[in-house]
Amino acid sequence: MLAHRQFRTLILAALGGLTLIPTSHAETQYITGTGLDGVTNKNLALDRTPALYTGDFGDCLGGQSLLNVTKFDAAFYYDNSTILFHLDGTTNIRNESVMMYISVEAYGESRFSMTVNPCTVNIYSMCPLNATIPIQAFALFQVGPQQVSGIPQIAYEVPDLEGFARIQIFANSSQTEIGCFQAVMKNGHSFSQPDSISTVLGIFTVVAIIASFATAAYGVSIPHMRNHYAHSLSVLVVFETFQSIFYSGALSLPWPSVLPAWWSNFAWAAGLVPSAGIVDSINPFVGVSGNASQVGGAGSTVINNQGGLTQQIYGRSLALDVASELYKRTPESVKDAINTLAKRQPYDPNDPYDYNWNGDPVQPGMPLPGDWTGFAGELSALSIPAPNAFIVALIWLLVVLGLVISLLVAFKYSLEGLVKLKWIKQDRLQYFRSHWTGYLSLAILRTLFIAFFSLITLAMFQFAIHGSAGPTAIAAVVFIIFMVGVGGLVIYAVHFRLRFSTFSVDPDRILLRRAKMMGFIPCVMPVRLSQLREEELGEKPAGSIPFVRWHFVDNDANRKNVHQDEPYVKRFGWLSARYRLSRWWFFALWLAYQFIRACFIGGAAGSPLAQVFGLFIIDILALVIIAALNPYEGQRNTALAVWLLAITRVATTGLSIAFLPDFNLNRIVVTVIGVVIIVIQCLLTIALMILIVLGGISSWMSLSRNREYFTSERLEGVRIQYFEHIARRATDQPPPPKPQVESESNSSDKFPELAKEPYFAVTSVRRTPKIEDEDDDYLAEMNPPPVPSVVSFAPGTAKGRPRTASVSSRHSVSSLPRAARVHRASWSSREFSQWQADQDRPNPTLVRRMSGGPGHLRSNSMKMASTLQGQASASSLRLGTPVPLSRPMTPTKEVAEKESTLDQVDETDKEADKSNPDDSQ
Ligand SMILES: *[C@@H]1O[C@H](CO)[C@@H](O)[C@H](O)[C@H]1NC(C)=O
Ligand SMILES: *[C@@H]1O[C@H](CO)[C@@H](O)[C@H](O)[C@H]1NC(C)=O
Ligand SMILES: *[C@@H]1O[C@H](CO)[C@@H](O)[C@H](O)[C@H]1NC(C)=O
Ligand SMILES: *[C@@H]1O[C@H](CO)[C@@H](O)[C@H](O)[C@H]1NC(C)=O
Ligand SMILES: *[C@@H]1O[C@H](CO)[C@@H](O)[C@H](O)[C@H]1NC(C)=O
Ligand SMILES: *[C@@H]1O[C@H](CO)[C@@H](O)[C@H](O)[C@H]1NC(C)=O
């Protein structure tokens, strides 16, 4: 008591001192306070943020409170042991004495409670309630350690404290609850950091988009472009990862508060960018109504309760808790505290004590603050009401489509501008520039494909919550457009390739072979007989089961495979290009999987049990099936999409089962599980960012494929290995276990198979030397003696014409470097296109280094053809490369080389395109 008086004296002295100095209100004022821990601090800013404080508040009688409340703040100042309480509003009750019950609940348990008689703390506007007098209740209570002993120390530190403060107002005459307001409790720490986390994730995503686009746009030979594109990190998978993290919160479960806060960082990837403007403007359309500046349900007619408020008047049977009952339940210590400690502090709006940490009345359509149940709870962390979600995502999708279109158009025309200004070479990104409309439509389709899961889920959710007619109709239309459009396109893409094939069912067997899991656990591995290679048949299997093998057989045995089929890659490469040769159809399976997930997540919102277990089973099945199919050609895509993402999904859904209300777990345990989920998803996010960086480096190497030397010498070896890896992966053959054995046993039986395939048609590494390059080294390289026997391995070219005269053989009769040929006026356009096709061959030196030197190449030409099977080795075979001299790796040479390789084909490219109208589809 004494301490308290000293306090007040101190404050008054401080204030008195301050009044002598002319200060503006904006300046911070300081007071001295003694915290609950006994520490006295002389520098407490008056407007500091309390240790615990309330955020947004709502009406916990579901809009039936007999008060309209515009302000409800409560706070606990740990450092000067003060509880602040503030309630502003109006009522329509003419004359009623009331009691207030203030409580704080955290992690499912009551942590603090206090019963307040407004008359004893001099809240005159509530003593009694008077319809003509606005309520302005402001009180500060001194508390001792005893009263707040229920609040553990950790509550001031833990992010996203799960708790709420509640004020209940009871009428004395009827002893019923006439008002209840609830505000979320905060301590200033949160996992929800959209400004920083979303921005960082956005930047990484932009890197992935640029890398992916660059590999798709750079080059001239489509199969070769596809090879490199397949190894860039898939933007679809990046978005799938973010969306999968975000939509793990769309299950109808009572989430611990940490999870919606964490997930809010990923909402942008699902198209749910919080924007108050958009939400407000579509509120009337989606049927969300209400006054955003108040909560409560006081009617406009004044209730004359002369005979006392009775339950019947209000027609509801809500909380019948009696004020006197409350008193009985309240601990003695609290009663004493109220009777002795409670002191009045009338609220003064011009007070320097004013604060700005407070929350606002909850927005119409949002769940009660402090409740994070289901998708609506997750969306509340974004300030998006559940009925708005679909329309918000649709609006952002349209914005993104507009952005994609304008960026691509701007890119195309800025390239043209730079060419006009001669700031970049005439032929830079020539293929993209001449086919940019094709790229534009594919970019739009790809964006819609990425948005498919999110939009379908939200449309299903819109159906499930029985929203108002307008948005539901739009959701239905969008749903049909997506299902028919994207689904139909995918089916058409599969059909387009298979239309000349026959479906065949062959008998097969599943062999059970003994194997060692992780090298030491003995187990039985099922292997399909048809998938075994010759040399593996030796072992005797532990057993076998009859099985069938379904597959499509091409009617035309000599038809190009799907990744070499240029018209197909041009048209459907955006769907199929990243998958392995034998799994090119995986996009269809993927879409079906996404659709089933969307059904469970969005559509089954009403039945959490079915939703969670259904999704769990689907995710486990998907993990097994996708791992067995192993569809991706690139390693980073495989690591992310096949393993990390699928395992995280299973783990997240599996852990989410614990949140089912049926288990009724302690909320602290629930929060711990929530933190485990955050850790798992955080690791996935970090892994994704690392993969984006690695993918960026690999794509950068892909873009350097026409340069002889790489920017970084240290990465040079890696680059060569990477190109070899790409060439090998494009064949979709398992890596040769023992190279020696392979070259002897396989070369003979692989050779005829190879001859069927125009394998060297993958030609895009080009070099157009300048006339200055005409030095001895260079000419030696350009005019190697032809090796006819090797040329015979090459039955076609990029344009499907038989190769009779290759560039190298023509070069062998002419001493002109290729750059000089361009100026020959008499060439026909056919020759130009032939020439262009020939330009798409790798740098001889690079190839020599890729294949380990000319001698190695010649002696192992068969082996190289079978293992690399790529254009690089093939054209090096054509060249024969018996060049004894290697270009010296002097820095000056490298610079000159870089410059000359950068400038590629000029006008010829355009001519070639005109001569080949099929190109500009
Ligand atoms: C404690 O700090 C708050 C906020 O600055 C202030 O309003 C309140 O008067 C202080 N309490 C005491 C007892 O000084
Ligand atoms: C309500 O306030 C008005 C105006 O201040 C006053 O005339 C009236 O007597 C009050 N009613 C009650 C029940 O206190
Ligand atoms: C308000 O109600 C109380 C008790 O119900 C009564 O004693 C008092 O006279 C009333 N005041 C007015 C102004 O009607
Ligand atoms: C309302 O009821 C409580 C408990 O019954 C009592 O302590 C309080 O004084 C009453 N308020 C008024 C204004 O009579
Ligand atoms: C909303 O509430 C505020 C504060 O109570 C009030 O001033 C305003 O008139 C209300 N608006 C509507 C449309 O009811
Ligand atoms: C409470 O708010 C509603 C809706 O804005 C309004 O119609 C009513 O008049 C208000 N009641 C009082 C007492 O302010």
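Just so we're aligned, residue 1 is where the sequence shown starts under full-length UniProt numbering, counting upward by one. From the three backbone atoms N, C-alpha and C, an ideal C-beta is built for every residue, glycine too.
DSSP state of residue i mapped onto helix, strand, coil
i, result
"Cys523", "strand"
"Thr685", "helix"
"residue 966", "Outside the displayed span of the chain (1 to 921) sits residue 966, for which this structure offers no information."
"Ile678", "helix"
"Tyr101", "strand"
"Cys180", "strand"
"Met366", "coil"
"Val121", "coil"
"Tyr107", "coil"
"Lys335", "Unreliable placement is indicated for Lys335, whose pLDDT of 43 sits below 50; the coordinate value is still reported in the next sentence. It is helical."
"Val790", "Low confidence applies here, because Val790 scores a pLDDT of 34, under 50, leaving its location unreliable; read the following figure in that light. It is helical."
"Leu415", "helix"
"His189", "coil"
"Val143", "coil"
"Asp160", "coil"
"Thr28", "coil"
"His551", "strand"
"Val237", "helix"
Buried/exposed call for residue i, threshold 16 Cβ in 10 Å
i, result
"Lys42", "exposed"
"residue 922", "Coverage of the chain is limited to positions 1 through 921, which leaves residue 922 absent and any answer about it impossible."
"Gln153", "exposed"
"Phe375", "buried"
"Ala473", "exposed"
"Tyr413", "exposed"
"Met525", "exposed"
"Phe600", "buried"
"Asp523", "The residue you asked about is not Asp; residue 523 is Cys in the sequence shown. Flag for Cys523 reads exposed."
"Val484", "exposed"
"Asp59", "buried"
"Ala469", "exposed"
"Ala476", "exposed"
"Trp423", "exposed"
Integer Cβ distance of residue i from residue j, believed to fall under 8 Å
i, j, result
"Lys71", "Leu87", "7 Å"
"Ala139", "Ala261", "The Cβ separation is near 30 Å, so there is no contact."
"Thr91", "Leu66", "6 Å"
"Ser234", "Ser248", "With a Cβ gap of about 20 Å, Ser234 and Ser248 do not count as contacting."
"Leu512", "Ala542", "5 Å"
"Phe164", "Ala183", "6 Å"
Rounded separation between residue i and residue j - CA only
i, j, result
"Ser198", "Ser113", "38 Å"
"Arg559", "His551", "16 Å"
"Ile668", "Val158", "11 Å"
"Asp360", "Ser190", "18 Å"
"Tyr78", "Val200", "35 Å"
"Gly674", "Asn117", "40 Å"
"Tyr107", "Ile678", "18 Å"
"Pro631", "Asp195", "36 Å"
"Ala74", "Asn356", "12 Å"
"Val98", "Leu655", "46 Å"
"Ala604", "Asp565", "42 Å"
"Ser221", "Thr648", "38 Å"
"Phe57", "Asn291", "13 Å"
"Gln146", "Thr34", "15 Å"
"Arg226", "Leu665", "51 Å"
"Pro507", "Ser544", "13 Å"
"residue 953", "Ser125", "No statement about residue 953 is possible, as the shown extent of the chain runs from 1 to 921 and does not include it."
"Ile491", "Ala588", "7 Å"
"Lys425", "Arg509", "58 Å"
"Arg602", "Trp585", "Correcting the residue type first, residue 602 is Gly in the shown sequence and not Arg. Each residue's Cα considered, the two are about 26 Å apart."
"Ser264", "Leu397", "18 Å"
### Query
ligand 2: which residues have Cβ under 6 Å from any of its heavy atoms, chain order?
That query returns the following residues: Asn95, Pro128, Asn130, Thr132, Ile133.
### Quiz: which residues have CB nearer than 7 Å to ligand 5 non-hydrogen atoms
Asn68, Thr70, Thr90, Asn291, Ser293, Gln294
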